[in-house]
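A.B. asks: Chains as they are written, first to last, in my numbering: chain C, 1 to 1048; chain E, 1 to 457.
Heads up, the beta-carbon is just placed ideally off N, CA and C, and yes, glycines get one too.
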Amino acid sequence: MKENKKQYWKGVEQLTNHPEFVKYASKEFPRDLPYKEGVLQEEEGGSSRRDFLKLMGFSLAAASLAACEAPVRKTIPYLNKPEEINPGIPNYYASTYTNGGNYCSIVVKTREGRPIKIEPNKLSDVSGSGTSAQAEASVLSLYDKARLGAPSINDSQVEWSELDKQIKTKLENISSGGGQIRIVSKTILSPSTKAVIQEFINRYPGTELVMYDPVSAYGITKANQESFGKAVIPSYDFSKAKTVVSFNADFLGTWINPNKFSSDFIKNRKLDHGKKEMSRLYQFESNLSLTGANADYRTPIKPSAEGLIVASLYNLLAAKAGRETVSTAKIEVDHLTTAANDLWKHKGQSLVVAGSNDPNIQIIVNAINDLLGNINSVIDLKTPVYFRQGNDEQMKQFVSDLESGKVQGVIFLDSNPVYDHYLGDKIKTALAKINLKVSISEHGDETAAESDYLAPNHHYLESWNDTNPVEGRYSLVQPVISPLFNTRQGQESLMVWMGQKEPDYLEFIKDYWKENLFVTQTKQLDFQTFFDQCLYDGVYSIDLRAMTMEFIVFGGNLDAAASKISSTYKTNSTGVELALYETIAIGDGSQANNPWLQETPDPITKACWDNYLTISQTMANELAIEMYEGETYQVQLKVGDQLLELPAIIQPGQARGTIGLAIGYGRTKAGRVANSIGVNAYPLLSEVAGVPVYSRIEDVSVSSSNKSVKVAHTQTHQTYMNRDFVVQETTLDTYKNHPEHAFHRPKIAASNALEKKLGDEIIDGKLEPRKISLWSGHSYNNHHWTMAIDLNSCTGCSACSVACQAENNVPVVGKEEVLNRREMTWIRIDRYYSSEKTATTNAELEKAAENPEVVFQPMMCQHCNNAPCETVCPVAATTHSTEGLNQMVYNRCIGTRYCANNCPYKVRRFNWFKYHDNTSFPDNSSMNNDLGKMVLNPDVTVRSRGVMEKCSFCVQRIQYSKLEAKKKGRRVIDGEVTVACASACPTDAITFGDIRDPESKVSKLLQVKDKGDKQEIHEHRAYNVLEDINVRPNVWYLAKVRNKEENA
Amino acid sequence: MEVVSSVRTPLITSAKTLGDVTQDICVRVEAKPPRTWYLAIAVSLSLLAVGTYTLFFTVWEGIGVWGLNKTVGWAWDITNFVWWVGIGHAGTLISAILLLFRQKWRMSINRAAEAMTIFAVICAAFFPLVHMGRLWLGFYWVFPLPNTFGSLWVNFNSPLLWDVFAISTYFTVSLVFWYIGLIPDFATIRDRAKNKVSAAIYGALSFGWTGSAKDWSRFESVSLILAGLATPLVLSVHTIVSFDFATSVIPGWHTTIFPPYFVAGAVFSGFAMVLTLLLITRKVYKLEDYITIQHIENMNIIIIVTGSIVGVAYLTELFMAWYSGVPAEQYAFLNRATGPYWWAYSTMMTCNVITPQLFWFKKIRTSLWATFALSIVVNIGMWFERFVIIVTSLHRDFLPSSWAMFYPTFYDVGDYLFTFGFFFTAFFLFAKFFPVINMAEVKSILKSTSTSDKAIK
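1) Can the beta-carbon of residue 651 of chain C be found less than 8 Å from the beta-carbon of residue 850 of chain C?
2) With a floor of 4 residues, list each alpha helix (DSSP H) that falls wholly inside the segment 702 to 772 of chain C, ordered by position along the chain.
3) Considering only C-alpha positions, which residue in the set E/107, E/148 and E/120 is nearest to residue 181 of chain E?
4) Output yes or no for whether 8 Å exceeds the beta carbon distance between residue 385 of chain C and residue 105 of chain C.
5) Mind checking if residue 15 of chain C is an interface residue toward chain E, Cβ cutoff 8 Å exclusive?
6) I'd like the ranges of any alpha helix (DSSP H) spanning at least 4 consecutive residues and lying wholly in the segment 63 to 136 of chain E.
7) Please state if the CB of residue 868 of chain C and the CB of residue 1030 of chain C are separated by a distance shorter than 8 Å.
8) Any beta-carbon of chain C closer than 8 Å to the one on residue 400 of chain E?
9) What residue range is occupied by the uninterrupted alpha helix (DSSP H) comprising residue 420 of chain C?
10) Looking at the secondary structure, which residues open and close the alpha helix (DSSP H) in which residue 368 of chain C lies?
11) Which word fits residue 703 of chain C, buried or exposed, when buried means at least 16 other C-beta atoms lie within 10 angstroms of its C-beta?
12) List the residues that DSSP assigns as beta-bridge partners of residue 98 of chain C.
13) Please report whether the beta-carbon of residue 334 of chain E lies at a distance below 8 Å from any beta-carbon of chain C.
14) Three or more C-beta pairs under 8 Å: does that hold for the segment 593 to 601 of chain C against the segment 845 to 861 of chain C?
15) Taking a Cβ distance cut-off of 7 Å, strictly less, list which residues of the segment 49 to 81 of chain E are near chain C, in chain order.
16) Go ahead and label residue 793 of chain C buried or exposed: buried means 16 or more other beta carbons lie within 10 angstroms of its beta carbon, across all protein chains shown.
17) Ignore the nearest five residues each way along the sequence and tell me which others in residue 121 of chain C's own chain have a CB closer than 7 Å to its CB.
18) Buried or exposed: where does residue 479 of chain C fall if 16 or more other Cβ atoms within 10 Å of its Cβ makes it buried?
19) Using DSSP's beta-bridge definition, name the partner residues of residue 905 of chain C.
20) Is there a C-beta anywhere in chain C that falls below 8 Å from the one on residue 138 of chain E?
21) DSSP beta-bridge partners for residue 785 of chain C?
22) Which term fits residue 78 of chain C, buried or exposed, when burial requires 16 or more other beta carbons within 10 angstroms of its beta carbon?
23) Give the straight-line distance between the Cα atoms of residue 964 of chain C and residue 90 of chain C, rounded to the nearest whole angstrom.
24) Along the segment 951 to 963 of chain C, what residues have a CB closer than 8 Å to any CB found in chain E?
25) Counting only beta-carbon atoms, is residue 147 of chain E nearer than 8 Å to chain C?
26) For residue 409 of chain C, which residues does DSSP report across the bridge?
27) Starting from residue 540 of chain C, trace the beta strand (DSSP E) both ways and give me its first and last residue.
28) Going by the CB atoms, is the gap between residue 884 of chain C and residue 863 of chain C shorter than 8 Å?
29) How big is the Cα-Cα spacing for residue 279 of chain E and residue 413 of chain E?
30) Evaluate residue 35 of chain E with the Cβ neighbour count: other Cβ atoms within 10 Å of its Cβ, from every protein chain shown; 16 or more gives buried, anything less gives exposed.
31) Along the beta strand (DSSP E) that carries residue 848 of chain C, what are the first and last residues, could you check?
32) Among residues of its own chain, excluding the 5 on either side of residue 491 of chain C, which ones have a beta-carbon nearer than 6 Å to its beta-carbon?
33) Using a Cβ cut-off of 8 Å (strictly closer), state whether residue 259 of chain E contacts chain C.
34) Have a look at residue 22 of chain C and residue 9 of chain E and give me their C-alpha separation to the nearest angstrom.
35) Quick one: is residue 331 of chain E near chain C, going by C-beta distance under 8 Å?
36) Near residue 289 of chain E, what residues of its chain come up, given a Cβ to Cβ distance below 7 Å and the 5 sequence neighbours on each side ignored?
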């Protein structure tokens, strides 16, 4: 073969043998990488590159670790451990919350010696089975930095001995000179305190006790004196009343003893498969109150017509009874005739109440109740209640005595009349010339500021006391913590000033009980045992059945009352009328410095951190006021010669021509939280028949100022947009006749293929969402925690919300952040208005009717079984427990907020900022100062910034109960686990339990049928909110039933 | 029969030679930048400075500095995220899909478009990072890293996690693709380098490129493989981004139409952004011969096609809401169009559906000024599209009790400006230091007839 002489080349560079090419040719596929060398070296035992890296890495890590220093936190162990304190184990003490005449029998939960939570005392039949927002929040008031820390004279701190010496000398001087001394107090429920004061009066003759109530019910006392010869407030038994008619009495919210009234009233509103009857409530009122919101029929009335309407009701009933009518101008308002018919039908089982402080109205009300035979049955005058003992006439006399200089010494005992009495300004002026002014108070309040001597009092959780709220019912107050400040129990101060060397109020109480109560029972033979038992129970009752069966009859002068009503009230007043009211949270304003209460939105307006004028839509149109997302206008309110500027908000249900304003705001010396919030409405009260009434029918005018202002609302949309997948309700008749068809059952469209798959069931293209799912579902082998919320029972009182805040360390964010729509509450109460009017467009649907119906819907994490939040979290920070809980793992949360966005109920709350240990949030006092932090529940993490949080079904309580049961070697028994909201609820609207336990309360309520691996709910009223999206919540709602005529 | 093939209009005009191309492009890297460049970078750096301050403050104080609330948990953050990711799409579409379809006209724009992609994806990635409440934990907890917590793992069900994978894959592939394309051009600059520093830097960047046949062969294969890899990414990334919404239960989000609708929208906004940038670059760098009216017209045609797809999607959504019979769904869409955010919805409709229809007129789609104006309008519209989807769906969902409004704060705006600052700073630096047009590729489409060859000699 011939040798091939040809040259083959790959590129021009190769052919020409370009030096550049030669240089790189060998490098195109380098085969000499040095990776084998290291391995060889290592085999030989030398130190390799790897060893070097290892050593260097270690040194670097060690060096950087050594540079870190963890902050030192000191904990001090007990040297001698108190017997009853075990770290981690709570102790419970029965006690009583009192604030003037506001009462709640409670159990205080303490951890390591710190009271952290108020629970209801279920043994009490005076305050019902729940608590109230104010009682729940009172534990935070204990840790209020604004409390007085030491005794002082004219603003300079002194020793107690110095204070006592000066006061004693002055008392002595006044008394020996025949001068007058007054002890001014709000209602005193404590018999022992009264006994102390009596001793004081004996020691210093010329002393008188003057009691007043910021929200007075003196009109009732006075009327009862006139009508029945008994100057008392009777017991009203709402549970016996089948028809209730109320005129401006907010008995579910603020009137006299709302806890007990709510719990009794709701007993008659509960429905189950056996009980299909409920009471009916007619409410005639000016402002939309909580009671009006729960009424079956509500009629807005003007305060100027109130007396005439009550008299008209009397006349309607008198006509039926064949009695003489009274001669007042006839006035016709909606539902008055039907109310009269209903009352007549339920004679002896009905109740008419009025909130007015005008004794004449109360006399007519007495006459109506007498006519209906309700006295001695529903109204019990022989078991009076003592919640409102204030005597307005005596108080007025005191003010004039003060002005005339008749009085030389005043001791304010836990009272603040300069702020919360309508004659406060006069008291303030008159005090200037008083020789001895002493304030026994917790706070350096408005009255204390006018006093020379401040004798700081204990908080009730640091005090001993007793109470007698209702005839024959007693309870004890016991200290659950050593005094935090240099304070002294008020009673002991009085005892010192009487000359006692080392007074012991506890011994005094014991003596009182030994003398007066020990003898009323026969069970215990030894007093100490008796007292210990009472202290353990918190309550003690005397059996009153043995008392004589006295039959009380009406003996009042009806005509005199009617003629006074004719002169006071008018049928056709045209002017603007002001109606004052108390809010659920702030009440009379004495606890205004409590941020939990300030941030609790009013159940009706859903606004917080402010008071404002509530005006009707008609008036808003006149004043050209529009409201959008909480933004509204300032208005000028002129009452007599007083001029106030405040925001106005449009309130559906506000009677035309009236305006509403809450008292309890406008504090100037309450503390950092409450000062300069809102305006003080107490001076706006007017007088009728010599007593203050909480309305003003003359000399009121409102003008707009064109100044826009924002009111912090937690809810800005009023209606539920006809979304029956959110709120379901029906009328009693419909429910009775067709319970199975009374409610909306959402269906989803389903294909034929699905029909085949589901077997025999004929679905006709429509299917209950519950029948199908993409997910295989969770199996619960142990517990399956479930909650049922009865919309018929929820009055909207918000006790649950504050209880949750206390239990779960929920931060307060302050007005600015509420305006930014970032409140943190885990349980909120959605308030929706509805009305019969059929709106057609969305814009119309958004507007509430002028006098709407109201529904409250407590809303918290629904613990969905197909939880939309769980699937979207990228880091699995929210997961499902084996017991049905949707749990939040704070440690793992990175804060993408995807879960909150995907939550159809919008119950997830994000920590937008660091709310703890951050001076930017001073209102969050439970996390931003060392004192406030003592209220925190150590079982619940304080969440850091950037994490999501939400209702946990109080998992710490579930866990605690499970561990307790485990120690006893058994399962948790129904009722052992209660969540904070359910426990606080005065009407038992919230039921929590295990539906795998067929005997549990919640199982029975929901009529659960156990199908082995799953539980079916059979209660007709039970529904899930947003059932159609099939997230399968573990929270069930029982639909609302209204006792009203169809299409009425 | 005589077959006469038409003469194609050249993609590069003015009969550029190979040498011209090298000279035209490299001179921008080598020469001192024009005064306008300094002005531009000064503006973008000051934006970046303001943005850095707000971004720092956001991370320091917490997400609360934004206008979000209990009801609206995402607003500008995720709007900006989706918007930037969408913009990124054009680059990949141009370099990958058009490469596979042998669309040679892409060659003069793909470099800048890909650079835009990279920078846009970085801008986009800022928002998922910053919007986290606890960024310092989040940025590694979202990765399925082995850990000492036992079985603690990421949640593979979560679309946000899919996002992490989608975005990081997309970014990696785009970056590699872009860089590979840059290597031959870096080598050209290296070879022309006059001083040692730039020779060393571009030498390092060119990874020892020699221009040998083997180099070119590998270069071609890698480009093709990466184009193949990047092609599904064009579709998948925005599909997955749309899953953030589509897999949720919120009316207005829970929509199966989202994946194609989002991809079309992304390409739409991406091309608009390419146009905005290139029209400026073309003018400043006098690249009229490389980026011709033909290029602009082609891109405008893509805009009108994708814009119309988006428009059809909007109408389909409305129809489906009505047809579904689901009250919450119906309300969500009615509220979008007529509720408090009607202005955002009409801005979106006008900018995305109505104004791009002007491109049906040849005069408008070949007009530089009209194209520039409309390209900005489209991106405004696309920002509002995401805002409408996110905010108007969230602000009024199922329970009217929680309905709320969203009002942006200074920090919402500032953090958005930060990304603009970053994007333009990065782009201007790119335009100065990197060859803005792919010289190597463009050279392959020059008309090299014998006559013009002669003209060179």
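C.D. replies: Reading it off the structure:
1) Taking 8 Å as the cut-off, the beta carbon of residue 651 of chain C is found no closer than this to the beta carbon of residue 850 of chain C.
2) Fully enclosed alpha helix (DSSP H) runs of 4 or longer: 732 to 737 and 752 to 757.
3) Out of E/107, E/148 and E/120, the CA that lies nearest to the CA of residue 181 of chain E is found in E/107.
4) Cβ atoms of residue 385 of chain C and residue 105 of chain C: not closer than 8 Å.
5) Among the residues facing chain E, residue 15 of chain C is not included, as its CB has no counterpart in that chain under 8 Å away.
6) Within the segment 63 to 136 of chain E, the runs of alpha helix (DSSP H) that reach at least 4 residues and sit entirely inside it are, in chain order, 76 to 92 and 110 to 130.
7) No, Cβ-Cβ distance for residue 1030 of chain C and residue 868 of chain C is not below 8 Å.
8) It does; some Cβ of chain C falls within 8 Å.
9) Where residue 420 of chain C is concerned, the enclosing alpha helix (DSSP H) stretches over 417 to 420.
10) Residue range 359 to 371 is occupied by the alpha helix (DSSP H) that includes residue 368 of chain C.
11) Here residue 703 of chain C is exposed. Its C-beta has fewer than 16 other C-beta atoms within 10 Å.
12) Looking at the DSSP assignment, residue 98 of chain C forms a beta bridge with C/103.
13) Using a CB distance cut-off of 8 Å, residue 334 of chain E counts as an interface residue toward chain C.
14) They do not touch, by the three-pair rule.
15) Listed by position along the chain: 61, 62, 63, 64, 69, 70, 71, 73 and 74.
16) Taking a 10 Å sphere around the C-beta of residue 793 of chain C, we find 16 or more other C-beta atoms and assign the residue as buried.
17) Taken in chain order, the residues that qualify are 94, 105, 106, 107, 538 and 539.
18) Answer is buried; the Cβ neighbour count reaches 16.
19) Its beta-bridge partners do not exist; DSSP assigns none.
20) The C-beta of residue 138 of chain E comes closer than 8 Å to at least one C-beta of chain C.
21) Beta-bridge pairing links residue 785 of chain C to C/994.
22) Residue 78 of chain C counts as exposed, since fewer than 16 other beta carbons sit within 10 angstroms of its beta carbon.
23) Each residue's CA atom was taken as its position, placing residue 964 of chain C and residue 90 of chain C some 12 Å apart.
24) So the list is empty, because no residue satisfies the distance condition.
25) So no, residue 147 of chain E is outside the interface.
26) In the DSSP output, where bridge partners are listed per residue, residue 409 of chain C has C/181 and C/436.
27) In this chain, the beta strand (DSSP E) harbouring residue 540 of chain C covers 539 to 541.
28) Taking 8 Å as the cut-off, the Cβ atoms of residue 863 of chain C and residue 884 of chain C count as close.
29) In this structure, the straight-line span from the alpha carbon of residue 279 of chain E to that of residue 413 of chain E is close to 26 Å.
30) By the neighbour-count rule (16 or more Cβ atoms within 10 Å), residue 35 of chain E is not buried but exposed.
31) Following the DSSP letters along the chain, one finds residue 848 of chain C in no beta strand (DSSP E), marked with neither H nor E.
32) Short of 6 Å from the beta carbon of residue 491 of chain C, and not among the five residues preceding or following it, lie these beta carbons of its own chain, in chain order: 193, 196 and 505.
33) Between residue 259 of chain E and chain C, the shortest Cβ-Cβ separation is not below 8 Å.
34) If you take the alpha carbons of residue 22 of chain C and residue 9 of chain E, they lie about 42 Å apart.
35) Yes, contact with chain C.
36) Counting only Cβ-Cβ distances below 7 Å, and skipping sequence neighbours, we find 12, 13, 14 and 16.
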